[in-house]
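5 is the number of the first residue of the sequence shown in my numbering; add one for each residue after it. The beta carbon of each residue, even a glycine, is placed where N, CA and C say it ideally should be. From a predicted model like this one, the values you see are computed outputs, not experimental measurements.
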Amino acid sequence: MKSVQLNEFWRLASRPEIIAWAVAQHEGRRSICPLGWKMRTSFAPPMVAVSIAPKRFTHGLIAASGEFVLSWPGEDQAEATYFCGTHSGQNTDKFAEMGFTTLPARHIQVPLIAECAAHIECRVRGRLETGDHTIFAAEVLGAWIAEPPRRLLCSIHPSSGAEILLQRGGYSFGVVR
Ligand SMILES: Cc1cc2nc3c(=O)[nH]c(=O)nc-3n(C[C@H](O)[C@H](O)[C@H](O)COP(=O)(O)O)c2cc1C
């Protein structure tokens, strides 16, 4: 047993961690924010929570519009996840940079990214400031899964037994086989 920094602890203890993208838009601006920090919080109504730092461009879009899509990238989207997670929508149109195709959602204005493996449509019902992040609690209004279903991209740690697909800039992406 050794005493460690919290960063090292969470890199081990929270992996593999399925990644989702918070996708948001407001008044013609849009962005894609990869997230590790998201969870289900209620069956009825179905609800989720996402934790997003106020300095993210996506934070302002969600706060202003009150809605977002949560999209799960597939195993072929490690590069896109790294790009979207290291650039800000403040000065980059990530949809255009990535060449994504959008599809209309059923319940909200934010589009679905056709290249992703799964999506839920979310409307914000509450928020909580927690340290340097904001938790947005949102009701899930619709759910979509690619056909055929695809393996989901994870943040991984070498000890987790998962296969590493991309290691870059301190991030490790992979899949559980
Ligand atoms: C694997 C991964 C997980 C991330 N998880 C979170 C998270 O849970 N919350 C958060 O606020 N930012 C998280 N980020 C950082 C944002 O995705 C990143 O700052 C992004 O560029 C923000 O884009 P935006 O400014 O257009 O919103 C993560 C990034 C990566 C690559």
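key: CA nearest to the CA of I117, picked from M102, G130, E21, I22   = M102
request  = Go to G130, then tell me how far its beta strand (DSSP E) extends in each direction, as first and last residue.
outcome  = 122 to 134
ask   = Do you know whose CA, among E119, S35, R127, R34, lies nearest E151's CA?
value = E119
inquiry  = Between I124, F72, G93, V54, which has its C-alpha nearest K42's C-alpha?
reply    = V54
Bounding residues of the beta strand (DSSP E) (the contiguous stretch that carries H30) = 24 to 30
request  = Please determine, among A26, E12, V144, the residue with the shortest C-alpha to C-alpha distance to F61.
outcome  = A26
task = Report yes if the C-beta of L116 is less than 7 Å from at least one heavy atom of ligand 1; otherwise report no.
result = no
ask   = What first and last residue would you give for the alpha helix (DSSP H) that runs through A100?
value = 98 to 102
ask   = Taking Cβ to Cβ, would you say R154 is nearer than 8 Å to E167?
value = no
task = Kindly list the residues whose CB is nearer than 7 Å to the CB of P3, restricted to its own chain and excluding five residues on each side of it in sequence; keep chain order.
result = Given that the chain is displayed from residue 5 to residue 181, the structure contains no residue 3 and the question cannot be resolved.
key: Proximity test, Q94 beta-carbon vs ligand 1 heavy atom, cut-off 7 Å   = yes
query = What distance in whole Å lies between the Cβ atoms of V73 and C126, which are believed to be in contact at a cut-off of 8 Å?
reply = 7 Å
task = For R33, name the three-state secondary structure that DSSP assigns.
result = strand
request  = Hey, could you find the ends of the beta strand (DSSP E) A142 is sitting in?
outcome  = 137 to 149
I56 to L132 span [Cα, whole Å] = 11 Å
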